[in-house]
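Peer 1: One structure coming up, written as structure tokens, with questions to follow.
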Amino acid sequence: MPDQIDLARLRDVLDGPWAAVRNAHREHLDARFLPVYGETGDQARERISRLLTELPAELGMASAFPTEYGGSSDVGGSIIASEMLAQVDLSLMVKAGVQWGLFGGAVAALGTRRHHDAYLRDIVSGTIFGCFAMTETGHGSDVQQLRTTCTYDPQTQTFDLHTPHEAARKDYIGNAARDGRMAVVFAQLITNGRRHGVHAWLVPIRDAQGNPLPGVRIGDAGPKAGLLGVDNGRLTFDHVQVPRDMLLDRYGQVAPDGTYSSPIENDSRRFFTMLGTLVRGRVSVGGAASAATKSALTIAVRYGDIRRQFGTPDADREVLLNDYLAHQRKLLPALATTYALHFAQTELVAALSEVQGGDGPVDEHRQRELESRAAGLKAAQTWHATRTIQMCREACGGAGYLAENRLPSLKADTDVFTTFEGDNTVLSQLVAKGLLTGYRDEFGSLDGWGRASFVAEQVREMVLERTAARSLIERLISAVPGRDDEVAVTDRGWQLKAFEDRERHLLDGAVRRLRNGAATKKNQPFDIFNDVQDHVLAVAAAHTDRVTLEAFVAGIEDTTDTAVRALLSRVCDLYALSVIEANKGWFLEHGRLTPARSKAITGVVNALLKELRPHMRMLVDGFAIPDSWLHCAILREEPVRQETMATHDAAGDSQVVPA
Numbered sequence: 001m002p003d004q005i006d007l008a009r010l011r012d013v014l015d016g017p018w019a020a021v022r023n024a025h026r027e028h029l030d031a032r033f034l035p036v037y038g039e040t041g042d043q044a045r046e047r048i049s050r051l052l053t054e055l056p057a058e059l060g061m062a063s064a065f066p067t068e069y070g071g072s073s074d075v076g077g078s079i080i081a082s083e084m085l086a087q088v089d090l091s092l093m094v095k096a097g098v099q100w101g102l103f104g105g106a107v108a109a110l111g112t113r114r115h116h117d118a119y120l121r122d123i124v125s126g127t128i129f130g131c132f133a134m135t136e137t138g139h140g141s142d143v144q145q146l147r148t149t150c151t152y153d154p155q156t157q158t159f160d161l162h163t164p165h166e167a168a169r170k171d172y173i174g175n176a177a178r179d180g181r182m183a184v185v186f187a188q189l190i191t192n193g194r195r196h197g198v199h200a201w202l203v204p205i206r207d208a209q210g211n212p213l214p215g216v217r218i219g220d221a222g223p224k225a226g227l228l229g230v231d232n233g234r235l236t237f238d239h240v241q242v243p244r245d246m247l248l249d250r251y252g253q254v255a256p257d258g259t260y261s262s263p264i265e266n267d268s269r270r271f272f273t274m275l276g277t278l279v280r281g282r283v284s285v286g287g288a289a290s291a292a293t294k295s296a297l298t299i300a301v302r303y304g305d306i307r308r309q310f311g312t313p314d315a316d317r318e319v320l321l322n323d324y325l326a327h328q329r330k331l332l333p334a335l336a337t338t339y340a341l342h343f344a345q346t347e348l349v350a351a352l353s354e355v356q357g358g359d360g361p362v363d364e365h366r367q368r369e370l371e372s373r374a375a376g377l378k379a380a381q382t383w384h385a386t387r388t389i390q391m392c393r394e395a396c397g398g399a400g401y402l403a404e405n406r407l408p409s410l411k412a413d414t415d416v417f418t419t420f421e422g423d424n425t426v427l428s429q430l431v432a433k434g435l436l437t438g439y440r441d442e443f444g445s446l447d448g449w450g451r452a453s454f455v456a457e458q459v460r461e462m463v464l465e466r467t468a469a470r471s472l473i474e475r476l477i478s479a480v481p482g483r484d485d486e487v488a489v490t491d492r493g494w495q496l497k498a499f500e501d502r503e504r505h506l507l508d509g510a511v512r513r514l515r516n517g518a519a520t521k522k523n524q525p526f527d528i529f530n531d532v533q534d535h536v537l538a539v540a541a542a543h544t545d546r547v548t549l550e551a552f553v554a555g556i557e558d559t560t561d562t563a564v565r566a567l568l569s570r571v572c573d574l575y576a577l578s579v580i581e582a583n584k585g586w587f588l589e590h591g592r593l594t595p596a597r598s599k600a601i602t603g604v605v606n607a608l609l610k611e612l613r614p615h616m617r618m619l620v621d622g623f624a625i626p627d628s629w630l631h632c633a634i635l636r637e638e639p640v641r642q643e644t645m646a647t648h649d650a651a652g653d654s655q656v657v658p659a
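Each residue of the sequence shown is one higher than the one before, starting from 1 at the first, in full-length UniProt numbering.
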């Protein structure tokens, strides 16, 4: 690597296309918005509700809405805003996400002009607080089977919204227990005696004084492990009358006489088209999880640069934690993965902005790709957050267990993200299904597993969707010589080829197992898919690893500063080889690695750790998290660093660090 690396240039690369949005949040979110350690649930709820109304107009997640309603028509900017809020206070991010991402987003995406004109301005301004009432006690991931009903009566021209039994109660609903005045309620639409699948209605739930409206029963979901500032509640409807025009009817309309019509005839396709418009929430959760991971790593790395433990015979000072290989083994691979996921998220946000940010019709194929990519990355980011924040807590010893050092709240607040906005295991299966030609084309990437007979008739091959730098990836892979054992493990083409080969082999194997199951268990569709579930999950993980690596490679290619590019290239090596090392068993079993080459990879990883050790602090400083946002007591008395490492602030002042 070069002798000197400019921190400001690294920050520019990581801030990316929405640098102005990031910097606006860094400038305006002051100490008022930081978490308060030790507060009660009621205190946290009151504080977060107040702060939501105090967010400066140019900040927050409302930027996705059209300018005529108070937004800025910047879909990508709204996702970046959620990441920045997550670094300040995750309760504030989730509360904002419910208000503007889920509640307001559903009104914008599923409603029509009359709904927008009547409600969006007040939703954007925070005059109307709302809920997103989809999940039921008995049905979370399987939304298509919701039990709440909404039955149309032509005589009164109203819908009868009803919770038929306790399992159909709307549960875990953000903004419901305290602040919500309206809710977007998902239920089975019934008219003229026929069901037309799940639709959404805009339903008032409280009056101006905050009292539940007739027929609406509201309860508190109770104490939670984290996110104390979010008022999760429960909603039950006892034959509540909802006016006909409160149906969010972009995809399904009911005439005064009860006649149902839709631009999409197939009930299942209509349902998944509706859900696809709400993919922003999933992208936001993944980005927020990564943002919290960056905060945890910043705390752990900076603490490891000041905390000493145990001495050596030839020195009069104890050794810094970050100088131990075991500590580097914890922090640096996790940091490399965080960098890789950062570039994958940047690519995903750009795709989301392109697909959903325009006024024209949405390209269905690109929408399906977007849904699959969002599902896979959300699972990868939130699982990575859960593992890494716990590891950072351990890396800080007893200090990491104290509330004043932020890590316990980061751990508690992000834990639910693995099941929030889609259970990660279910999302992983959706990713794998989206890779099957025929299955995806026939049913759509978000449909149920389908008929057993379909497997034998329709599954033909896998679909290898390339990421941004298609030509670059293909050129690098094609340049790899025929004999893998003659290629350095740091060769980028070899790494890309190894990731692609693993994904392709796993998916081909899953297809074979599905076909065999269809041939031997024709009348047992559940068993056919259940028998390969482990294989399907492995396929999804391999696919997400590949698209993440490709996004990282594309990000490096776009980096113009040669010193930063060289640093990122070594971080990318560490990411790629760490994934291969973690999956050594598969690569050895399938002849992709010899035992000698497998041992060599471990040696190269250890060498990379030593090479990157002097840059650990720079790598976390590249995230540009203001010191005050870390809100961490053990860093407040951090000693002045060595003279060659000039001080810098979160605005991105230049810092030149010797390698």
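The beta carbon of each residue, even a glycine, is placed where N, CA and C say it ideally should be.
Is there contact here, the region 559–579 with the region 489–502, by at least three beta-carbon pairs under 8 Å?
Peer 2: yes
Peer 1: Starting from the C-beta of residue 123, find all residues in its chain whose C-beta is less than 6 Å away, skip the five residues before and the five after it, and write them out in chain order.
Peer 2: Numbered from its first residue, the sequence shown carries residue 123 at position 123. These residues qualify, in order along the chain: 104.
Peer 1: Fully enclosed by the UniProt domain "Acyl-CoA oxidase C-terminal" (495–634), which alpha helix (DSSP H) runs are 4 residues long or longer?
Peer 2: 525–530, 533–557, 562–582, 584–589, 595–612, 616–621, 627–630
Peer 1: Residue 271 lies in the beta strand (DSSP E); which residues open and close that run?
Peer 2: Within the sequence shown, numbered from 1, the residue matching residue 271 stands at position 271. Looking at the DSSP string, residue 271 is not in any beta strand (DSSP E); the run it does join, the alpha helix (DSSP H), is 267–276.
Peer 1: Suppose contacts are defined by Cβ-Cβ distances below 8 Å. Is residue 299 in contact with residue 85 by that definition?
Peer 2: Position 299 of the sequence shown, counting from 1, holds the residue named residue 299. Position 85 of the sequence shown, counting from 1, holds the residue named residue 85. The answer is no: Cβ separation not under 8 Å.
Peer 1: Can you tell me the Cα-Cα spacing of residue 456 and residue 514, whole angstroms?
Peer 2: Taking the first residue of the sequence shown as 1, we reach residue 456 at position 456. Taking the first residue of the sequence shown as 1, we reach residue 514 at position 514. Its pLDDT being 41, under 50, residue 456 is placed unreliably in this model, and the coordinates cannot settle the point.
Peer 1: With burial defined as no fewer than 16 other Cβ atoms inside 10 Å of the residue's Cβ, what is the status of residue 4: buried or exposed?
Peer 2: Position 4 of the sequence shown, counted from the first residue, corresponds to residue 4. With fewer than 16 Cβ atoms within 10 Å of its Cβ, residue 4 is classed as exposed.
Peer 1: Could I get the ranges of all uninterrupted alpha helix (DSSP H) runs contained in the region 314–395, with 4 residues as the minimum, in chain order?
Peer 2: 325–356, 364–395
Peer 1: Do residue 198 and residue 208 come within 8 Å of each other at the CB atom, strictly closer than that value?
Peer 2: Residue mapping note: residue 208 aligns to position 208 of the sequence shown, counting from 1. Residue mapping note: residue 198 aligns to position 198 of the sequence shown, counting from 1. Against a cut-off of 8 Å, the Cβ pair of residue 198 and residue 208 comes out as no contact.
Peer 1: Leaving aside the five residues before and after residue 537 along the sequence, list all residues of the same chain whose C-beta is less than 8 Å from its C-beta, in chain order.
Peer 2: Here residue 537 corresponds to residue number 537 of the sequence shown, with the count starting at 1. Within the same chain, residue 537 has close Cβ partners 425, 428, 429, 432.
Peer 1: Threshold first: 4 residues or longer. Then list the alpha helix (DSSP H) segments lying entirely within the region 393–417, N to C.
Peer 2: 407–414
Peer 1: How about residue 332 and residue 549: are their beta carbons less than 8 Å apart?
Peer 2: Along the sequence shown, one-based indexing puts residue 332 at 332. Along the sequence shown, one-based indexing puts residue 549 at 549. Not closer than 8 Å, so no.
Peer 1: Is the region 239–250 touching the region 161–173 in the sense that three or more CB pairs, one from each, lie closer than 8 Å?
Peer 2: yes
Peer 1: Let's see if you can read the secondary structure: which residues bound the beta strand (DSSP E) around residue 487?
Peer 2: Counting from one through the sequence shown, the residue named residue 487 turns up at place 487. Careful: residue 487 lies outside any beta strand (DSSP E) and carries neither H nor E.
Peer 1: In terms of alpha-carbon separation, which member of 365, 522, 139 lies closest to residue 165?
Peer 2: Here the question's residue 165 lines up with position 165 in the sequence shown. Minimum Cα distance to residue 165 is reached at 139.
Peer 1: Near residue 542, which residues of its chain fall below 6 Å by C-beta distance, leaving aside the five closest residues on each side in sequence?
Peer 2: The residue you call residue 542 lines up with position 542 of the sequence shown. The residues are 502, 503, 506.
Peer 1: Suppose the cutoff is 7 Å on Cβ atoms and the five residues either side in sequence are ignored; what does the same chain contact list for residue 250 look like?
Peer 2: Position 250 of the sequence shown, counting from 1, holds the residue named residue 250. These residues qualify, in order along the chain: 110, 111, 112.
Peer 1: Skipping 5 residues on each side, what residues in its chain have a beta carbon closer than 6 Å to that of residue 29?
Peer 2: Locating residue 29 in the sequence shown gives position 29, counting from the first residue. Answer for residue 29: 88, listed in chain order.
Peer 1: Suppose you measure from the CA of residue 55 to the CA of residue 403; what does that come to, to the nearest Å?
Peer 2: For the purposes of this step, residue 55 is taken as the residue at position 55 of the sequence shown. For the purposes of this step, residue 403 is taken as the residue at position 403 of the sequence shown. One C-alpha to the other measures close to 25 Å.
Peer 1: Just the Cα atoms here: how many angstroms apart are residue 74 and residue 66?
Peer 2: One-based indexing of the sequence shown puts residue 74 at position 74. One-based indexing of the sequence shown puts residue 66 at position 66. Going by the C-alpha atoms only, they are around 8 Å apart.
Peer 1: On a CA-only basis, which of 351, 382, 385 is nearest residue 369? Give me that one, please.
Peer 2: Position 369 of the sequence shown, counted from the start, is the residue given in the question as residue 369. By alpha-carbon distance to residue 369, the top candidate from 351, 382, 385 is 351.
Peer 1: Looking at the secondary structure, which residues open and close the beta strand (DSSP E) in which residue 182 lies?
Peer 2: In the sequence shown, residue 182 corresponds to position 182, counting from 1. 182–191 is the span of the beta strand (DSSP E), which, as asked, contains residue 182.
Peer 1: With H, G and I counted as helix, E and B as strand and the rest as coil, what does DSSP make of residue 199?
Peer 2: For the purposes of this step, residue 199 is taken as residue 199 along the sequence shown, with counting starting at 1. Note: residue 199 maps to strand in three-state DSSP.
Peer 1: Looking at residue 98 and residue 174, is the spacing between their C-beta atoms short of 8 Å?
Peer 2: Residue mapping note: residue 174 aligns to position 174 of the sequence shown, counting from 1. Residue mapping note: residue 98 aligns to position 98 of the sequence shown, counting from 1. Going by C-beta atoms, residue 174 is nearer than 8 Å to residue 98.
Peer 1: What is the residue span of the alpha helix (DSSP H) that residue 74 lies within?
Peer 2: In the sequence shown, the residue the question calls residue 74 occupies position 74. Following the DSSP letters along the chain, one finds residue 74 in no alpha helix (DSSP H), marked with neither H nor E.
Peer 1: Exposed or buried, which one is residue 35 when buried takes at least 16 other CB atoms within 10 Å?
Peer 2: Mapped onto the sequence shown, residue 35 falls at position 35. Residue 35 should be labelled buried.
Peer 1: Are the beta-carbon atoms of residue 399 and residue 405 separated by less than 8 Å?
Peer 2: Within the sequence shown, numbered from 1, the residue matching residue 399 stands at position 399. Within the sequence shown, numbered from 1, the residue matching residue 405 stands at position 405. Contact flag set, yes.
Peer 1: Buried or exposed: residue 421, going by 16 or more other Cβ atoms within 10 Å of its Cβ?
Peer 2: As a first step, residue 421 is located in the sequence shown; it is residue number 421 there, counting from the start. Residue environment for residue 421: buried (at least 16 other C-beta atoms within 10 angstroms of its C-beta).
Peer 1: Does the structure place the region 254–263 close enough to the region 226–233 that three or more beta carbon pairs sit under 8 Å?
Peer 2: no
Peer 1: Could you work out which residue in 392, 511, 552, 395 is closest to residue 470 when comparing CA atoms only?
Peer 2: Taking the first residue of the sequence shown as 1, we reach residue 470 at position 470. Per the Cα distances, 552.
Peer 1: Candidates 545, 321, 26: which alpha carbon is nearest residue 336's?
Peer 2: Your numbering for residue 336 matches position 336 in the sequence shown. Nearest C-alpha to residue 336: 545.
Peer 1: From which residue to which residue does the beta strand (DSSP E) around residue 236 run?
Peer 2: Within the sequence shown, residue 236 is the residue found at index 236, counting from 1. First-last of the beta strand (DSSP E) with residue 236: 233–237.
Peer 1: Would you kindly work out how many angstroms separate the C-alpha atoms of residue 410 and residue 292, rounded to a whole number?
Peer 2: To locate residue 410, count along the sequence shown from 1; it is residue 410. To locate residue 292, count along the sequence shown from 1; it is residue 292. Residue 410 and residue 292: Cα-Cα distance of roughly 6 Å.
Peer 1: Whose C-beta lies closer than 6 Å to the C-beta of residue 62 among residues of the same chain, with five residues either side of it excluded?
Peer 2: In the sequence shown, residue 62 corresponds to position 62, counting from 1. Closer than 6 Å at Cβ, skipping near neighbours: 71, 100, 124.
Peer 1: Quick check: what's the CA-CA separation for residue 268 versus residue 275?
Peer 2: Position 268 of the sequence shown holds residue 268. Position 275 of the sequence shown holds residue 275. One C-alpha to the other measures close to 11 Å.
Peer 1: Just to confirm my understanding: we take residue 266, look at its own chain, exclude 5 residues before and 5 after, and list those with CB closer than 6 Å. What are they?
Peer 2: Here residue 266 corresponds to residue number 266 of the sequence shown, with the count starting at 1. Contacts found: none.
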